[in-house]
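Before any comments, here is the structure.
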Amino acid sequence: MGKIKVTKVRSAINRTKNQKLTLESLGLKKMGQTVEHEDTPNILGMVNKVKHLVSVEETK
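Rendered as structure tokens:
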């Protein structure tokens with residue numbers, strides 16, 4: 015499986031608790047922070063829930 019880079023580009027203020035917890039479980043706390051994850055169905059599902067708050071890039 016490949017890897018993806020997930021970057022937090024929008025604030026979690028005025029977002030639901032589930033979205034805030036999803037961002038935290040992805041390891042994103044601060045604006046502009048980038049983390050790298052495996053390209054698994056679990057991670058992709060979490061990214062899909064907060065797709066309006068993050069940007070995603072595929073890496074090798």
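Residue numbers (this note's numbering): 15 to 74.
All residues carry an ideal CB built from backbone N, CA and C; glycine is no exception.
Here the structure is a predicted model, which means the values were calculated and not measured.
- For the set Val-23, Thr-36, Met-15 and Arg-29, the Cα lying nearest the Cα of Thr-48 is the one of Val-23.
- Collapsing the DSSP output to three states places Thr-21 in a strand.
- Counting C-beta atoms within 10 angstroms of its own C-beta, Thr-36 has 16 or more neighbours from the protein chains shown and is therefore classed as buried.
- Ile-18 and Thr-54 have their C-alpha atoms spaced approximately 10 Å apart.
- Counting of Cβ neighbours within 10 angstroms places Met-60 among the buried residues, the total reaching 16 or more.
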